[in-house]
Structure formats: C-alpha cells, structure tokens
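Residue numbers (this note's numbering): 8 to 81.
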C-alpha cells in the first residue's frame, strides 16, 4: 500500500457488489482529509489506522480505507 495525502487525486475501487459503498466504485475525487481512528486496532492491520475523506467529482463526500483507493485513471 502506498498511502495518500490531502489533495491527492484518487479513484474509489470497491468491486464487491454486496458492499453498501459499491455505488462509489470507479468514482474519482480528491482526498480532503485524513482521519486517524481505531480501525487498525479493530482489524489488527496498521494500514486501517487511516480513514480517507474523499470529495468525489459529483460533489458527494465519502469516507473509505486505503484498500478502497487507487490512482486515478485520468
């Protein structure tokens, strides 16, 4: 995993159609905030300590984990 910072352009990648956030799959946006929480303690993975707030091109905002982000296609 590479990690992201505020201002980075990203693409949301949630291919699991049973995931409630699948509706954001393929959307592009920018990281507007990096929030540290206890996700890593819950999952046992240090990569889950950051929650990324992404402002999508549509104007909507979504909070996702690093595993749900990829570099943008454009």
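Idealized CB from N, CA, C, for every residue including glycine.
- Rounded separation between residue 42 and residue 22 - CA only: Going by the C-alpha atoms only, they are around 23 Å apart.
- Message: Whole angstroms are fine: how far does the CA of residue 40 sit from the CA of residue 12?
- Response: Rounded to whole angstroms, residue 12 and residue 40 show a C-alpha spacing of 8 Å.
- Got a sec? Which residues, its chain only, sit under 7 Å from residue 80 by beta carbon, not counting five neighbours each side? Contacts found: 18.
- Whole-angstrom C-beta distance between residue 73 and residue 57, which should lie under 8 Å: Their Cβ separation, rounded to whole angstroms, is 6 Å, which keeps residue 57 and residue 73 in contact under 8 Å.
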